[in-house]
Amino acid sequence: MILRRTTWRLTLWFAIVQLALFGAFAIAVYAFVTSSFDFDAAEEGSGISAEASFATLRAALLWGFAGLVVAVPATSYLLASLAMRPVRRSFEAQQRFVDDASHELRTPLAAIQAKLELTLLRDRDVPSYQSAIRETLRSTDHLARTLSDLLLLSRTEREAQMAMELVDVRQLVDDALAVDTLIAERVTTESDAGVTVHGASGLLERALLNLLTNAIRYSDADDPIEVRAIRQGAWARIEVQDHGIGMTPDEVGLAFDRFWRADPSRASEGNGLGLSIVRQIMRLHGGDVEINSHSGVGTTAVLRIPLSR
3 MILRRTTWRL
13 TLWFAIVQLA
23 LFGAFAIAVY
33 AFVTSSFDFD
43 AAEEGSGISA
53 EASFATLRAA
63 LLWGFAGLVV
73 AVPATSYLLA
83 SLAMRPVRRS
93 FEAQQRFVDD
103 ASHELRTPLA
113 AIQAKLELTL
123 LRDRDVPSYQ
133 SAIRETLRST
143 DHLARTLSDL
153 LLLSRTEREA
163 QMAMELVDVR
173 QLVDDALAVD
183 TLIAERVTTE
193 SDAGVTVHGA
203 SGLLERALLN
213 LLTNAIRYSD
223 ADDPIEVRAI
233 RQGAWARIEV
243 QDHGIGMTPD
253 EVGLAFDRFW
263 RADPSRASEG
273 NGLGLSIVRQ
283 IMRLHGGDVE
293 INSHSGVGTT
303 AVLRIPLSR
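Remember, the working numbering sits 2 above the position in the sequence shown when you count from 1.
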């Protein structure tokens with residue numbers, strides 16, 4: 003409704019401005035033509051002929067302006083619609099994001115409320131209370147991580163601008179693996195030496211960790227995870243390859259949508275924001291991320307970042 007009113011308001015203003023310009027132009031043309039004719043110096047009969055020509059010009063300008071009064075609103079609406087198209091797309095994306103975020107936040111809150119209400123229905127022993135508290139803490143942890151990811155999505159651009167530095171890609175991989183020993187135990191690495199990029203090391207580490215977390219989550223405990231960091235032309239290329247469940251082409255197309263999760267992960271700890279964060283971080287660094295996956299075979303996620311100059 004708001005966008006529709008704004009579109010009509012823009013249409014009205016576009017029409018007023020265009021008609022005012024066309025009207026001013028028509029008046030200027032008529033004034034110039036009539037003022038250029040010297041009635042005093044005109045021969046007998048010429049004045050009457052000029053008056054008839056002026057009347058014809060006046061009628062033509064009036065009819066032309068009348069036609070514009072009909073045509074200009076249509077063109078103005080078209081211009082207003084084109085001008086509002088990016089705003090509409092942004093608004094719709096924001097609305098979807100708010101709806102999805104509300105749903106994702108409501109789910110753990112509902113779980114917390116239900117568990118606490120169930121716990122208070124009757125007296126319980128200490129182990130039962132401890133179990134209820136642990137489940138509640140898991141739900142609050144999921145809620146906290148979701149909120150943290152939402153905040154990261156909103157402030158990554160500011161953080162990236164403030165924290166840009168030279169980053170050694172091999173060291174970046176080592177730092178990411180050092181964060182979680184459980185991940186490090188399953189990962190084998192292959193890194194070229196001397197590959198550096200200009201970026202925010204904390205954000206790049208977060209992007210790599212998100213890919214590693216997905217690789218661990220969607221593969222069996224004994225499946226290896228391989229990380230390769232290489233130089234490829236003017237780019238640093240970081241590959242994270244797993245041999246897990248993989249994805250279908252349709253799932254790959256949806257993988258970067260916020261809050262989207264493949265069906266097997268609905269009950270997992272993820273919130274569906276990981277790859278959205280990765281893509282945003284890559285865009286802030288002038289790079290990109292791509293997913294190559296085959297169902298039942300595995301997935302290779304690739305980060306491409308411009309090399310430092």
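Glycine included, every Cβ here is placed at the ideal spot set by N, Cα and C. Keep in mind it's a predicted model, so treat the numbers as computed, not measured.
query: In the DSSP assignment, find the unbroken alpha helix (DSSP H) run with Asp176 in it and report its ends.; result: Val171 to Val181
query: In chain order, what residues of the same chain have a beta carbon less than 8 Å from the beta carbon of Leu5, not counting five sequence neighbours either side?; result: Met86, Val89, Arg90 and Phe93
query: Taking 8 Å as the cut-off, decide whether the C-beta atoms of Thr142 and Leu118 are in contact.; result: no
query: Counting only the same chain and skipping the five closest in sequence on each side, list residues whose C-beta sits under 6 Å from that of Ala238.; result: Val171, Val197, Val199, Ile307 and Leu309
query: Helix, strand or coil for Pro88, going by three-state DSSP, please let me know.; result: helix
query: How far does the alpha helix (DSSP H) with Pro251 in it extend, from its first residue to its last?; result: Pro251 to Leu256
query: With the cut-off set at 8 Å, would you say Leu81 and Phe16 are in Cβ contact?; result: yes
query: Relative to the C-alpha of Val291, which candidate in Ser297, Glu241, Phe261 and Ser130 has its C-alpha closest?; result: Glu241
query: Round the Cβ separation of Ser193 and Val169 to the nearest angstrom and send it over; I've been treating them as touching at under 8 Å.; result: Between Val169 and Ser193 the Cβ distance is about 13 Å, and since that is not below 8 Å, they are no contact.
query: With Ile283 and Val254 assumed to form a contact (beta carbons below 8 Å), what rounded beta-carbon distance in angstroms separates them?; result: Wrong, their Cβ atoms sit about 19 Å apart, outside the cutoff.
query: Alpha carbon to alpha carbon, what distance is there between Ser104 and Ala134?; result: 25 Å
query: Tell me which residue opens and which closes the alpha helix (DSSP H) that Ile218 is part of.; result: Ser203 to Arg219
query: Determine the DSSP secondary structure at Ala43, reduced to helix, strand or coil.; result: Any reading at Ala43 must be qualified, since the residue scores a pLDDT of 49, below 50, and its modelled position is unreliable; no value is offered.
query: Return the Cβ separation of Ala231 and Val175 in integer angstroms, given the expectation that the two are a contact with Cβ distance under 8 Å.; result: 5 Å
query: Quick check: does the Cβ of Ile29 come within less than 7 Å of any heavy atom belonging to the ligand MN?; result: This structure simply doesn't include the ligand MN, nor any ligand for that matter.
query: Classify Ile185 as helix, strand or coil using the three-state DSSP reduction.; result: helix
query: Any idea what DSSP makes of Glu277, helix, strand or coil?; result: At residue 277 the sequence reads Leu, which differs from the Glu that was named. If DSSP states are grouped into helix, strand and coil, Leu277 belongs with the helices.
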